[in-house]
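S.K.: Following this message is one structure expressed as structure tokens.
Chains as they are written, first to last, in my numbering: chain H, 43 to 154; chain F, 224 to 334.
Next up, the structure:
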């Protein structure tokens with residue numbers, strides 16, 4: 043069990059650029075979640091996949107955000123035309139059921 | 224985290240017990256969790272409790288759930304400096320699979 047893996051660990055970008063993050067869940071975990079965490083706050087739910095189907099999206103996920111999980115394994119989260127307000131830690135989690143979610147170490151995004 | 228509330232800070236002496244409290248508002252919560260986050264790291268699942276239980280013990284950790292008052296607590300016995308971190312409570316609700324997190328309690332353990 044290698045745990046949930048996220049890449050990159052850190053990303054610094056200029057406002058207006060596009061960024062993409064990757065999450066590799068624990069193998070055989072069919073559920074995958076994306077959360078966003080800003081400084082001093084708890085994580086906020088963004089979106090959730092069961093296998094390749096995106097089952098729920100938060101209102102926080104604006105049109106500039108898109109997530110995919112094409113083969114039901116790894117997932118990508120893309121942010122287009124980044125804004126300074128997008129600066130946050132983006133956390134991925136996976137699970138078999140909704141009973142226990144296991145989180146990755148996150149991707150820290152800084153938009154300059 | 225507007226529906227799940229925690230106090231922001233807790234400071235304890237090494238060897239003492241720590242009690243971190245959490246209140247939630249949704250009575251349909253099915254599972255309630257405690258996660259630990261160290262600086263620059265992701266979230267580590269510490270323990271969780273099903274909503275039809277009122278207590279769960281796991282080594283140094285004791286979770287108490289008062290469903291009537293919608294109050295959850297985490298007691299850490301014999302607190303160590305390595306326990307210094309931010310602790311988040313979280314709930315899942317009904318048929319949804321998303322976790323709703325509190326704002327976190329920063330635990331500081333001093334010698």
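Glycine is no exception: its CB is placed at the ideal position from the N, C-alpha and C atoms.
Values in this document were obtained by computation on a predicted structure and should not be read as measured data.
(1) For residue 150 of chain H, which three-state DSSP category applies?
(2) For residue 269 of chain F, which residues in the same chain have their Cβ closer than 7 Å to its Cβ, ignoring the five residues on either side in sequence?
(3) Report the residues of the region 290-311 of chain F with a CB closer than 7 Å to any CB of chain H, ordered along the chain.
(4) Return the CA-CA distance between residue 251 of chain F and residue 274 of chain F, expressed in angstroms with no decimal places.
(5) Candidates F:266, F:236, F:254, F:307: which alpha carbon is nearest residue 290 of chain F's?
(6) Identify each residue in the region 84-105 of chain H for which the Cβ-Cβ distance to at least one residue of chain F is less than 7 Å, and report them in chain order.
(7) As a quick exercise: from H:106, H:75, H:66, pick the residue whose alpha carbon is nearest that of residue 95 of chain H.
(8) Where does residue 304 of chain F sit, in a helix, a strand or coil, going by DSSP?
(9) Please state whether DSSP places residue 128 of chain H in a helix, a strand or coil.
(10) Check whether the Cβ atoms of residue 123 of chain H and residue 101 of chain H sit closer than 8 Å, and answer yes or no.
(11) At the level of alpha carbons, what is the spacing between residue 70 of chain H and residue 138 of chain H?
(12) Would you please verify whether the beta carbon of residue 145 of chain H is less than 8 Å from any beta carbon of chain F?
(13) Give every residue of the same chain whose Cβ lies closer than 6 Å to the Cβ of residue 224 of chain F, excluding the five residues on either side of it in the sequence, and list them in chain order.
(14) Mapping the DSSP letters down to three states, classify residue 324 of chain F as helix, strand or coil.
(15) Alpha carbon to alpha carbon, what distance is there between residue 244 of chain F and residue 288 of chain F?
(16) Would you decide whether residue 128 of chain H is buried or exposed? Buried here means 16 or more other CB atoms lie within 10 Å of its CB.
(17) Among the residues of its own chain, which have a CB less than 7 Å from the CB of residue 312 of chain F, if the five just before and after it don't count?
(18) Please report whether the beta-carbon of residue 232 of chain F lies at a distance below 8 Å from any beta-carbon of chain H.
M.R.: If we stick to the structure as given:
(1) Position 108 of the first chain, counted from the first residue, corresponds to residue 150 of chain H. Strand, per DSSP.
(2) As a first step, residue 269 of chain F is located in the second chain; it is residue number 46 there, counting from the start. Apart from the 5 residues on each side of it in sequence, residue 269 of chain F sits with its Cβ closer than 7 Å to the Cβ of 257, 258, 259, 284 in its chain, given in chain order.
(3) If the cut-off is 7 Å between Cβ atoms, the region 290-311 of chain F has 311 near chain H.
(4) Counting from one through the second chain, the residue named residue 251 of chain F turns up at place 28. Counting from one through the second chain, the residue named residue 274 of chain F turns up at place 51. The straight-line gap from Cα to Cα measures roughly 9 Å.
(5) Position 67 of the second chain, counting from 1, holds the residue named residue 290 of chain F. Among F:266, F:236, F:254, F:307, the Cα nearest to that of residue 290 of chain F belongs to F:254.
(6) Against chain F - using a Cβ distance shorter than 7 Å - the residues of the region 84-105 of chain H are 84, 85, 87, 90, 98.
(7) Here the question's residue 95 of chain H lines up with position 53 in the first chain. Minimum Cα distance to residue 95 of chain H is reached at H:75.
(8) What you label residue 304 of chain F is simply residue 81 of the second chain in a count that begins at 1. DSSP places residue 304 of chain F within a helical segment (H, G or I) once states are collapsed to three.
(9) Position 86 of the first chain, counted from the start, is the residue given in the question as residue 128 of chain H. Here residue 128 of chain H sits in helix by DSSP.
(10) Locating residue 123 of chain H in the first chain gives position 81, where the first residue counts as 1. Locating residue 101 of chain H in the first chain gives position 59, where the first residue counts as 1. Contact flag unset, no.
(11) Residue numbering aside, residue 70 of chain H sits at position 28 when the first chain is read from its first letter. Residue numbering aside, residue 138 of chain H sits at position 96 when the first chain is read from its first letter. Rounded to whole angstroms, residue 70 of chain H to residue 138 of chain H spans 7 Å at the Cα level.
(12) Taking the first chain and counting its residues from 1, one reaches residue 145 of chain H at position 103. Yes, its Cβ sits closer than 8 Å to a Cβ of chain F.
(13) On the second chain, position 1 is the one that residue 224 of chain F refers to. Low per-residue confidence applies at residue 224 of chain F: pLDDT is 43, beneath 50, and the placement is therefore not dependable, though the value from the model is reported in the following sentence. In chain order, 324, 325, 326 place their CB closer than 6 Å to the CB of residue 224 of chain F, counting only its own chain and leaving out the 5 sequence neighbours on each side.
(14) Taking the second chain and counting its residues from 1, one reaches residue 324 of chain F at position 101. Strand.
(15) On the second chain, residue 288 of chain F is found 65 positions in, with the first residue counted as 1. On the second chain, residue 244 of chain F is found 21 positions in, with the first residue counted as 1. If you take the alpha carbons of residue 288 of chain F and residue 244 of chain F, they lie about 10 Å apart.
(16) For the purposes of this step, residue 128 of chain H is taken as residue 86 along the first chain, with counting starting at 1. Residue 128 of chain H is buried by the Cβ-count criterion.
(17) As a working note, residue 312 of chain F is residue 89 in the second chain. Once the five neighbours on either side are set aside, the close Cβ partners of residue 312 of chain F are 227, 229, 245, 255, 256, 257, 295, 325.
(18) Translated into positions along the second chain, residue 232 of chain F becomes position 9. Chain H has no Cβ within less than 8 Å of the Cβ of residue 232 of chain F.
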